[in-house]
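Right, one structure below, let's go through it.
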Amino acid sequence: MTNSDADPGTEFYTLEYRAVVANVALNRAGAAADNTAGVIYNDVLGQQQSVAANRVGATVVEPAITLTANAVPGIVPPTGGTTRVTLVIRNATGTTISPAHDLRLRGQLPSIFTQLGARTITASGAAGVVDVTVGPFLRINVGRLAPGDQVTIAFDATVGPNPPIGASTLDFTADWTSLVGAQGAGADGASAPGAPGTATGERTGDGGVNSYATAAAATILVAPLVVPTLSSAMLVLLALLLGFLGLRQSRRAG
């Protein structure tokens, strides 16, 4: 840039640019990302001068997603039965927490289950919640989960008759991205320069550095029916009681 005039008026030049936080291991929530700038120029005598700008601080923010799962009752008899499964997915709050985007909740019922019932979904602040469940495959999509938002999914899972005795685990996973859309766009609508999951792209749940994924599980126990048995002491007491009752009956008859 050249300033060819020498008038006394104040002149300025504004340079605006976008900075991408690199998707690398060091750039995690709370990490400092300070920015500095400077200007180097030649004065009227042709001598090089420099001016440093003020330092502008920035902090890396990320979603902090938790997923919980539970099933009540947790014990089913060998004749089969129904348990109520409840999943809660939540984004934390705080100054280093950002919204999660394009969240996917997935799960598949084990083979001992014969039916995944209708889902009751309660969203607290979440946007774009869509249920795309098919058969035993649980599929819930959430467009945006801001800090403090959560989604609760509840459904009945039916165990068929004569399931194998023992524990059966219901596994669920969730993944999400740091930016909105397939390519990952910032608040200004401009997409990240790199492909999702790369060092210059948005962060995803597809593995690699800063993978955005979590999991939860609920366990169902198929327990055998137990026939109550009496201890030796109880049998003695029962015999004495029966004998006493028999004695009373014989006295009445006499």
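For the sequence shown, the numbering used here assigns the number 87 to the initial residue and increments by one for each residue that follows.
Here a beta-carbon is modelled for each residue, glycine too, at the ideal position from N, C-alpha and C.
Values in this document were obtained by computation on a predicted structure and should not be read as measured data.
Annotation for N248: no beta strand (DSSP E) segment contains it, and DSSP assigns it neither H nor E. Setting aside the 5 residues that flank it on each side, P247 is surrounded in the same chain by T165, G166, each with a C-beta closer than 7 Å to its C-beta; the list follows chain order. Inside the stretch 194 to 256, DSSP marks whole beta strand (DSSP E) runs of 3 or more residues at positions 199 to 202, 206 to 210, 213 to 217, 223 to 231, 236 to 245, from first to last along the chain.
For L101, the three-state secondary structure derived from DSSP is coil. In the DSSP assignment, no residue is bridged to G291. Taking the Cβ atoms as the reference, G193 lies roughly 4 Å from L224, within the contact range of under 8 Å.
When only Cα atoms are considered, A240 and T100 end up about 54 Å apart. Taking all protein chains shown into account, L256 has 16 or more neighbouring C-beta atoms within 10 Å of its C-beta and is therefore buried.
Under the Cβ criterion (8 Å, minimum of three pairs), the stretch 155 to 163 does not count as touching the stretch 130 to 144. Excluding its 5 nearest sequence neighbours in each direction, P233 has C-beta neighbours in its own chain below 6 Å: N177, T179, I183, listed in chain order. Secondary structure of L265 (DSSP, three-state): coil. With fewer than 16 other Cβ atoms from the protein chains shown falling within 10 Å of its own Cβ, F98 counts as exposed. When only Cα atoms are considered, A281 and A273 end up about 18 Å apart. Judged by beta-carbon spacing, N113 lies beyond the 8 Å limit of A144, meaning their Cβ atoms are not closer than that value. Annotation: A271 to A309 spans about 51 Å, alpha carbon to alpha carbon. The three-state secondary structure of L189, taken from DSSP, is strand. Annotation: the continuous beta strand (DSSP E) that includes L173 extends over 167 to 177.
The residues L153, T154, A155, F258, in chain order, have a CB closer than 6 Å to that of A302 in the same chain once the five nearest residues on each side in sequence are set aside. Between A278 and G287, the gap from beta carbon to beta carbon is short of 8 Å.
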